[in-house]
Amino acid sequence: MKLKLAAAAVLICLAIAGWVVRDLYQPYTGFTDHEIVDIPARTGAPAIADLLIAKGVLAHKWPFLACYEIGRNRHRLKAGEYLFDHPARPIDIYRRLVRGDVYLHPVVIPEGSDRYDIARILNERMGVDPDEFLRRTEQSSLIHDLDPAAPTLEGYLFPDTYRFPRGVTADKVVAAMLGRFRHVLQTRLHDEVADDAASLHTVVIIASLVQKETPDPSELSVVAGVFTRRLQKGMMLECDPTVLYAARLDHRDIAVIHASDLKSDSPYNTYRHAGLPPGPIANPGESALRAAFHPARGDELYFVSNNHGGHYFAKTLAEHNRNVARYRQELAAKNQPSIATQP
Numbered sequence: 027m028k029l030k031l032a033a034a035a036v037l038i039c040l041a042i043a044g045w046v047v048r049d050l051y052q053p054y055t056g057f058t059d060h061e062i063v064d065i066p067a068r069t070g071a072p073a074i075a076d077l078l079i080a081k082g083v084l085a086h087k088w089p090f091l092a093c094y095e096i097g098r099n100r101h102r103l104k105a106g107e108y109l110f111d112h113p114a115r116p117i118d119i120y121r122r123l124v125r126g127d128v129y130l131h132p133v134v135i136p137e138g139s140d141r142y143d144i145a146r147i148l149n150e151r152m153g154v155d156p157d158e159f160l161r162r163t164e165q166s167s168l169i170h171d172l173d174p175a176a177p178t179l180e181g182y183l184f185p186d187t188y189r190f191p192r193g194v195t196a197d198k199v200v201a202a203m204l205g206r207f208r209h210v211l212q213t214r215l216h217d218e219v220a221d222d223a224a225s226l227h228t229v230v231i232i233a234s235l236v237q238k239e240t241p242d243p244s245e246l247s248v249v250a251g252v253f254t255r256r257l258q259k260g261m262m263l264e265c266d267p268t269v270l271y272a273a274r275l276d277h278r279d280i281a282v283i284h285a286s287d288l289k290s291d292s293p294y295n296t297y298r299h300a301g302l303p304p305g306p307i308a309n310p311g312e313s314a315l316r317a318a319f320h321p322a323r324g325d326e327l328y329f330v331s332n333n334h335g336g337h338y339f340a341k342t343l344a345e346h347n348r349n350v351a352r353y354r355q356e357l358a359a360k361n362q363p364s365i366a367t368q369p
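The sequence shown runs 27 to 369 under our numbering.
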């Protein structure tokens, strides 16, 4: 009798083990949608299994918990957000949590964003403390091997699409953006980079001015040429974006430049101070950096908006004044209310 009971017990155990093993390698066909499951820190394995069941990722907890019990002395389940977008086997789900294969959120940093723009974007997308990010980006020592004269990290936070996990810190974001800048410099712009670090300081500043002045890729090197020639001739740069940046450093975000702004004593105000500002005013992309390394040749010394996303360029002040008058006329006509056609 005892032998029969023992045999029955063994058969039951084998049946249970077979069921667990079968389910362990069987994708849950009841999962039909995509889910982001947030697993808080210090959550136990049973609670994680219950959460995965509640989200429809697992059908049963036992196969998952069996994996955990077998590997608990060697593996730890990691907290974070996990994206499940197709039916998965319990063993694969367990392995993902052991690896910490968390969901990475895409964060787009547009070309020409400055530190303040980036702080806002990171706060909106990832909840990063903007003040903490701004403090971290004041640590210019992080790029002094490239630019000993850099006042902040402005200009070296490479604009791109990044992917960060929820809870990413300001330090990790800064490290990623500086790493991307170094990578682009070494792999795509290595032929342009001079041995003298001081020249990179100049190039990045000019690239930041160029990036803020024009959205037209075909104009980048032309604008860089204008700034380079004005510097060579000792002319004031009179770059409007530097005035806007000076106001931002003064905790004033302005949309329209007034005469009082042009008189600002900020060293970034290129209407008041000759030469380049102390540092970049934004973070340029690869094309703007390349344009600053290779400014277009020519005689143009002036430019003004053409009201269509580009600019009118001029070689003389008289020609420039005519372009300014044309710009103002077109702007006035553009802002006039249209006259309704009578029936």
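Each residue gets a CB set at the ideal place from its N, CA and C atoms; glycine is no exception. All values reported here derive from a predicted model rather than from experimental measurement.
Residue(s) in a DSSP beta bridge with residue i
| i | result |
| --- | --- |
| Phe-110 | Glu-61 |
| Leu-130 | Pro-191 |
Residue i: first and last residue of the uninterrupted beta strand (DSSP E) it sits in
| i | result |
| --- | --- |
| Arg-189 | 187-191 |
| Val-330 | 328-331 |
| Ala-340 | 337-340 |
Per-residue burial, residue i [other beta carbons within 10 Å of its own, 16 or more giving buried]
| i | result |
| --- | --- |
| Asp-221 | Unreliable placement is indicated for Asp-221, whose pLDDT of 49 sits below 50; the coordinate value is still reported in the next sentence. That one is exposed. |
| His-284 | exposed |
| Arg-189 | exposed |
| Pro-132 | exposed |
| Ala-273 | buried |
| Asn-361 | exposed |
| Gly-181 | buried |
| Pro-243 | exposed |
| Gln-355 | exposed |
| Leu-84 | buried |
| Arg-102 | exposed |
| Thr-163 | buried |
| Ala-32 | A caution first: Ala-32 carries a pLDDT of 49, below 50, which makes its placement in the model unreliable, though a value can still be read off. Classification for Ala-32: exposed. |
| Asn-349 | buried |
| Gln-258 | exposed |
| Glu-95 | exposed |
| Met-203 | buried |
| Asp-140 | buried |
| Pro-185 | buried |
| Asp-197 | exposed |
| Ala-358 | exposed |
| His-227 | buried |
| Gln-212 | exposed |
| Arg-256 | buried |
| Leu-343 | exposed |
| Asn-347 | exposed |
| Asp-287 | buried |
| Thr-268 | buried |
| Ile-119 | buried |
| Glu-239 | buried |
| Gly-335 | exposed |
| Gln-165 | exposed |
| Thr-296 | buried |
| Ile-144 | buried |
| His-337 | buried |
| Glu-150 | exposed |
| Ala-281 | exposed |
Cβ-heavy atom distance, residue i to the ligand GDP, below 7 Å
| i | result |
| --- | --- |
| Gly-82 | This structure lacks the ligand GDP, and indeed carries no ligand of any kind. |
Where the alpha helix (DSSP H) containing residue i begins and where it ends
| i | result |
| --- | --- |
| Tyr-120 | 116-125 |
| Lys-360 | 343-361 |
| His-25 | Not covered by the structure: residue 25. The range shown for the chain is 27 to 369. |
| Glu-3 | This structure does not reach residue 3, given that the chain is present from 27 up to 369, and the question cannot be answered. |
| Arg-141 | 141-152 |
| Gln-258 | 246-258 |
| Ala-71 | 71-80 |
| Tyr-271 | 266-275 |
| Ser-313 | 312-319 |
| Asp-287 | 285-288 |
| Ala-92 | 88-97 |
| Arg-68 | Taken as a continuous stretch (DSSP letters only), Arg-68 belongs to no alpha helix (DSSP H), as it is neither H nor E. |
| Arg-161 | 156-162 |
For residue j and residue i, believed in contact at Cβ under 8 Å, the rounded distance
| i | j | result |
| --- | --- | --- |
| Ala-73 | Ala-105 | Contact doesn't hold; Cβ gap of about 11 Å is too wide. |
| Phe-207 | Leu-235 | Contact doesn't hold; Cβ gap of about 18 Å is too wide. |
| Leu-179 | Leu-168 | 6 Å |
| Ala-314 | Leu-246 | 6 Å |
| Tyr-108 | Arg-125 | With a Cβ gap of about 10 Å, Tyr-108 and Arg-125 do not count as contacting. |
| Arg-214 | Glu-137 | Arg-214 to Glu-137, Cβ: 15 Å. No contact. |
| Gln-237 | Pro-310 | 4 Å |
Contact with chain B by residue i, beta-carbon distance below 8 Å
| i | result |
| --- | --- |
| Lys-198 | Chain labels in this structure do not include chain B; a single protein chain is all it has. |
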